[in-house]
Amino acid sequence: MAGKLAAYEDRTDVTALPYGVNTPAGFLSSYSIMLPLAFKDIANPDPQDWAETVWKGACSAIFVCGIFEIMGILFGNFFRRNLSHAALYAPITAVGFVYLSFIPIIDFAREPFIGILPFAMCFLGFFANGGHGVYPTSITSVTMLVIGIVMKWCNAGKFNPPRDEMADQVEKNWNDYAGKNSMGAFITLEGMENVSDSVSIVLPVALQSFIETMENVDLAAALGDSYNVREAMLADGLGTCVGALFGATLPTTVYIGHIRHKRLGATAGYSIANGVVYFVLLMSGIFPTIYAIVDGVSVGMILLFVGLIVVQTSFERSAARHYPALFIGLMFVIADPWFFDLFPAGSSSFSQPATRSLNRYYGLGNMMPGGGILVSLFLTQIICDMIDLRFIRGATYSVLCCILSEFGFMHGNNPVKEEGSCVREDSICVSGTVDAATERGQVLAAYIDGGSYKQLATYPPPLFGVTTGNVDANNSYGLNESWRFAAMYAVLALFLLAHLPFQYKGLIAKPIMDNGVVHEETALQAAQHFKKAVAEEEGKTRTADPDGPVATAVA
1 MAGKLAAYED
11 RTDVTALPYG
21 VNTPAGFLSS
31 YSIMLPLAFK
41 DIANPDPQDW
51 AETVWKGACS
61 AIFVCGIFEI
71 MGILFGNFFR
81 RNLSHAALYA
91 PITAVGFVYL
101 SFIPIIDFAR
111 EPFIGILPFA
121 MCFLGFFANG
131 GHGVYPTSIT
141 SVTMLVIGIV
151 MKWCNAGKFN
161 PPRDEMADQV
171 EKNWNDYAGK
181 NSMGAFITLE
191 GMENVSDSVS
201 IVLPVALQSF
211 IETMENVDLA
221 AALGDSYNVR
231 EAMLADGLGT
241 CVGALFGATL
251 PTTVYIGHIR
261 HKRLGATAGY
271 SIANGVVYFV
281 LLMSGIFPTI
291 YAIVDGVSVG
301 MILLFVGLIV
311 VQTSFERSAA
321 RHYPALFIGL
331 MFVIADPWFF
341 DLFPAGSSSF
351 SQPATRSLNR
361 YYGLGNMMPG
371 GGILVSLFLT
381 QIICDMIDLR
391 FIRGATYSVL
401 CCILSEFGFM
411 HGNNPVKEEG
421 SCVREDSICV
431 SGTVDAATER
441 GQVLAAYIDG
451 GSYKQLATYP
461 PPLFGVTTGN
471 VDANNSYGLN
481 ESWRFAAMYA
491 VLALFLLAHL
501 PFQYKGLIAK
511 PIMDNGVVHE
521 ETALQAAQHF
531 KKAVAEEEGK
541 TRTADPDGPV
551 ATAVA
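Numbering (this note's numbering), first residue to last: 1 to 555.
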């Protein structure tokens, strides 16, 4: 695309759109798609088959994600017009904050001797000096990695294995993987049977991805590189699909960074170099060896920069009045690792929590299914609409959330199948016991025990305070939770619509209709600042006199 644009406009300074792994979505794929699949099939006695099942399931989910991204060509502008910026960026901001920022900081706190210099360089190299850093950009990340490697192999880590064991692991990875890539193309789609539980993850990832592609194409245009947005979205989705066919468990996207590459004078070569390096490292099988050599804490400090940039950019592109909604969107993704850590190490179920607060356990269990991603998107949008007094649209999204909750796409804490049996195979599901709570995030209709809403007549919810015989009403109506949220969103829709008559009569202010859009102004300002900096630099070059200060003063 950069080559075509350069040829069409007869320019040599066209900067390619940054395209590659969608890093926040990659962590989402790892923790919210692959990890549940790993636990789901943990009873598999064959480790190789178990690993391939998880891998194929993730690849299939990413393939579906790519299809959704391509569909953005048709629906991208619709979502762009009907979602606030805060809602669009809430899921990816939350992932950037939790998995790219918060968790690396936890790792840094575990090994402070290793992490302190890379931590300091993260802020001095990327955020100081107006975002330009005080070190050459090209060497900052490499220096952070080198420092981490040296400290790791000097046994500066308290909880790292001894140096001899680390060396043995490097040798083992080389012997096991280098030059032994036996993955075949297209077999990855054998994991399609496991995709249904991942739809609530890949849909918002794809939505954010093609919206971000549109945003970044706009930003590139403001800097003088006008790309075809539909072509960019097509390349985005096709790249994800092709990658999935050949074993990729991570989606691709046009990501933030065009302005940084533009400032460095990059054209299309950097993108080609990225692709070649990744291809060689991953297809040759030597990446596991490199992974065993480098230090995870210093890598985490680089991810910290990426995560904080994502968070910073999301807030910059959102209206200040929507910040409270954006923070609520963060909370539902923070619940994901928090809930995961409530259970014993090696536990394959969610039936026996190790927690001091059952109330937090119950609440977190309803927040985290599906990684909290769809909730982060749509609940943030509803809050934005409430802040903007857009009652009709807020009610519309509430109805949508009602439907999505009923079928487990949101708040899918549904361990009980419609016929009353456990989702988990080879288990007897007894409602109200720990045996039932063995899976979370199930995409299925949220039924009452026995599969019929008629059960409500016999065993009403506890809010009515009714018990039947010796059966406790708190347990009798089933452990499935998302039906309660379906009812909650229905009530919210009616509540919002009840405000309309007062708004029509002028008793409530008129709605704000701008969707919290501030990106266009930000992009224009960025372009103006960039062009001004280039002009100033050219002026200094023309007038500078190395033999005297006068010319410099004039410049």
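The C-beta atom is built at its ideal place from N, Cα and C for all residues, glycine as well.
No experiment lies behind these values; they were computed from the predicted model shown.
By DSSP's assignment, Val254 forms a beta bridge with Tyr19.
For Gly148, the enclosing alpha helix (DSSP H) starts and ends at 137–153.
Burial is judged here by how many other beta carbons sit within 10 angstroms of a residue's own beta carbon; Leu507 has fewer than 16 and is exposed. An exposed status is given to Tyr8, since fewer than 16 other beta-carbon atoms sit within 10 Å of its beta-carbon. Taken atom to atom, the span from the alpha-carbon of His85 to that of Trp174 is near 46 Å. Distance from the CA atom of Met144 to the CA atom of Phe126, rounded to whole angstroms, is 12 Å.
Taking all protein chains shown into account, Arg317 has 16 or more neighbouring C-beta atoms within 10 Å of its C-beta and is therefore buried. Sixteen is the threshold: since fewer than 16 other Cβ atoms of the shown chains lie within 10 Å of the Cβ of Gln48, the residue is exposed.
Judged by DSSP secondary structure, Arg80 falls within the alpha helix (DSSP H) whose first and last residues are 47–82. Bridge pairing for Ser318: Val517 [DSSP]. When the Cα atoms are used, Ala167 and Leu303 turn out to be separated by approximately 25 Å. Secondary structure note for Met233: its alpha helix (DSSP H) is the uninterrupted segment 229–245. Under the DSSP assignment, Ala248 falls outside any alpha helix (DSSP H); it carries neither an H nor an E label. In this structure, Met34 sits near Ala58, with a CB-CB distance shorter than 7 Å. In the three-state reduction of the DSSP assignment, Lys180 falls in the coil class. In the DSSP assignment, Gly224 falls outside any alpha helix (DSSP H) and carries neither an H nor an E. When secondary structure is reduced to three states using DSSP, Gly265 falls in the coil class, being assigned neither helix nor strand.
The Cβ-Cβ distance between Thr15 and Lys262 falls below 7 Å. Taking 7 Å as the cut-off, the beta carbon of Val170 is found closer than this to the beta carbon of Ile293. Here Pro91 is near Ile373, since their CB atoms are less than 7 Å apart. Rounded to whole angstroms, the separation of the alpha carbons of Ser298 and Gly148 is 5 Å.
Taking Cys65 as the centre and dropping the five residues before and after it, the same chain places the C-beta of Val202, Val205, Ala206, Thr240, Pro251 closer than 7 Å to its C-beta, in chain order. Cβ neighbours of Asn366 within its own chain (closer than 6 Å, five residues either side excluded): His411, Asn413, Glu481. Where Val95 is concerned, the enclosing alpha helix (DSSP H) starts and stops at 85–97. Met233 counts as buried, since at least 16 other C-beta atoms from the protein chains shown sit within 10 angstroms of its C-beta. 7 Å or more divides the Cβ of Thr93 from the Cβ of Val375.
Here Pro161 carries a coil assignment [DSSP, helix/strand/coil]. Under the criterion of beta carbons closer than 8 Å, Leu17 and His258 qualify as touching, at roughly 6 Å. The beta carbon of Tyr135 sits closer than 8 Å to the beta carbons of Met121, Leu124, Gly125, Thr143 from its chain, once the five residues preceding and following it are set aside; these are given in chain order. Between Gln381 and Leu28, the CB-CB gap reaches or exceeds 7 Å. Relative to Ile70, the option among Ala235, Asn515, Gly300 whose CA is nearest is Ala235. Taking 8 Å as the upper bound for CB-CB distance, Ile211 and Gly300 are not in contact here, some 28 Å apart.
Contact annotation: Ser209 and Ala61 have beta-carbon atoms that are not nearer than 7 Å.
Boundaries of the alpha helix (DSSP H) around Ala395: 391–406. Here the alpha carbons of Thr267 and Tyr227 stand approximately 14 Å from one another. Taking 7 Å as the cut-off, the beta carbon of Ala178 is found no closer than this to the beta carbon of Ile114.
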